[in-house]
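The opening position of the sequence shown corresponds to residue 663 in my numbering, with each subsequent residue numbered one higher.
This report refers to the structure that appears directly beneath it.
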Amino acid sequence: PAAAQPPVAAQLPGPLAADVGAPSRPHPAPTRYFLRDLDYGTEAIFNPLSVVLASGFDILRSGSYRNGLTDIAFATGARNVADNLAHPLRSIGRSGGWSSFVAHEIFPYQRFEPDYGQFVPNWFLHVLGEGMLFRKLEEWYQREGWPAPRLSALGTILAVQFLNEVAENGAFRGANVDPIADILIFNPIGLIAFAFDDVAALFGDRIRIGYWPGQPAIDLTDLGLYNTGENFFMKVGFGYTGALSIFGYMGNEGIAGLSWRWSHADTISIAAGYRMVWMEDAGDGTFRQMRPVRPGNWLGAVFWDRNDSLLASLLVGAGAEPTVRFNLYPGAVDTGSVALGAFVWASPSEGLATGLTLSASPLGVGVRSWADTSRAVY
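This is the structure:
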């Protein structure tokens, strides 16, 4: 009789042979560099909807912008942002040309002063921050079992970035190079960089950066959205025990200090720095060029986090506008089966804004009173 043929698997090379006819083996779970399975703090409220609200409406925490959702010219803003993105060379030419664009948005080679300081948030927020946030969203979609997590994360972050530019643009019509720099240059650098595991590992372990958003809440009396904002922290450990870290925090403010891990998981960070309070348009009406109104506020801040998930923060500012901003995140205090958070904002122009949030909801409920909105022009 003819000799028996070897099994099909034995005829296949290398790793293919082991898979044919063998029981299927589950793929190893992808490494998470930024997402943590925690039921407290900022990690407990992290999801795509919370990112849309906190980051997409980030500009509403500026004293120059009205908080009411009905005050935002969404349709005009969307058309103008899309038009500038579709015709970047035309818009750059109408806004002072390439030398002005590079000096204001990429590197201040002409002057080193606040009016030319847009390069700081462009590199740190849009490259490092948005890049990290894109990777964290991908990890969230992976954990939740979405079929195309990277594509889903990309769609989410692009929508958030576009919404943010629309809210900033508002009713303005004309050349606006800010979305050109953000969406066409800096955000892509961050998205591409953090798609690589080596970059994610560097900033997820050796140089730890993370996302500490506000707790967005709506005042139903005026449909005002308060306590929005995307903020990013950075920690670089040093010393023999590793309990101390250099600490940085950037959002609408830029502050730096030290972090001290005082227990196995809990860390206190103390920092100081500067915050822009108001913005103004330095353009001539045919183009927009936003710059900070000087002076701003000097800030002192304290943060309490557990495993890099922010539990509470207090920022106190003095200078152009005395401010107090306090956030207590869900899980910081035992409130039973329902994880509650709370916040208080107080300043002359913002008045007193308070609210309650739930870890299960991306949007809390708040109320604002005694505000002087005369400087809110956008």
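In this text, a Cβ means the ideal position worked out from N, Cα and C, and glycines have one as well.
A distance below 7 Å between beta-carbons, with the five flanking residues on each side excluded, links K798 to the following residues of its chain, in chain order: F696, L697 and Y873.
Between the region 949-964 and the region 752-772 there are three or more C-beta pairs closer than 8 Å, enough to call the two in contact.
As a beta-bridge residue in DSSP terms, W1007 pairs with R987 and A1015.
Runs of the alpha helix (DSSP H) spanning 4 or more residues and lying entirely within the region 878-910 do not occur at all. Counting only runs of 4 or more residues that sit fully inside the region 817-862, the alpha helix (DSSP H) segments are 849-856, in chain order. Taking A933 as reference, the option from R1037, S712 and F909 with the minimal CA-CA separation is F909. Contact check for R937 and L906: beta-carbon distance about 25 Å, past the 8 Å limit, so the pair fails to qualify.
Here DSSP, grouped into helix, strand and coil, assigns G730 to strand. Here the C-alpha atom of E827 lies approximately 44 Å from the C-alpha atom of Y902. Membership of W966 in the beta strand (DSSP E) is indicated by the continuous run N959 to R968. Under DSSP, the beta-bridge partners assigned to A934 are A918 and G962. Residue range S971 to G981 is occupied by the beta strand (DSSP E) that includes A974. Boundaries for I754: no beta strand (DSSP E) harbours it, while the alpha helix (DSSP H) harbouring it runs P750 to R756, taken from the DSSP string. For R773, the number of other beta carbons within 10 angstroms of its own is below 16, and it is reported as exposed. A918 has its alpha-carbon roughly 38 Å from the corresponding atom of T738.
G979 and I845 have their C-alpha atoms spaced approximately 31 Å apart. Within the same chain, and ignoring the five residues on either side of A994 in sequence, the residues whose Cβ sits closer than 8 Å to its Cβ are Y702, G703, W966, L973, A974 and G1003. In the pairwise beta carbon analysis, the region 771-786 is classified as not touching the region 865-872: fewer than three pairs are separated by under 8 Å. Around the beta-carbon of V1000, fewer than 16 other beta-carbon atoms lie within 10 Å, marking it exposed. If you draw a 10 Å sphere on the C-beta of I819, you find 16 or more other C-beta atoms in it, and that means buried. L887 has its alpha-carbon roughly 5 Å from the corresponding atom of I880. Around the CB of H766, 16 or more other CB atoms lie within 10 Å, so the residue is classed as buried. Taking 8 Å as the cut-off, the Cβ atoms of P841 and L731 do not count as close. Counted as a single uninterrupted DSSP element, the alpha helix (DSSP H) harbouring V713 occupies residues P710 to G718. Distance from A716 to P878 at the Cβ level is roughly 6 Å; contact confirmed, criterion being Cβ atoms closer than 8 Å.
Rounded to whole angstroms, G981 and N959 show a C-alpha spacing of 5 Å. Minimum Cα-Cα distance from E806 among the listed residues P692, F781 and G1017 corresponds to P692. In the structure shown, S762 adopts helical secondary structure according to DSSP, grouped into three states. Between the alpha carbons of V713 and P875 lies a gap of roughly 8 Å. P954 has M941 as its beta-bridge partners, per DSSP.
Residue burial annotation: I854 is exposed, with fewer than 16 other C-beta atoms found within 10 angstroms of its C-beta.
For V822, the CB contacts under 7 Å within the same chain, skipping 5 residues up- and downstream, are V713, V714, S717 and G718 in chain order. Straight-line spacing of the CA atoms in V1039 and P1010 works out to 16 Å. Annotated three-state conformation of Y873 is strand, per DSSP.
For G1026, no alpha helix (DSSP H) run applies; the uninterrupted beta strand (DSSP E) run containing it begins and ends at G1026 to S1031, by DSSP.
One alpha carbon belongs to A927, the other to S971, and they sit about 10 Å apart.
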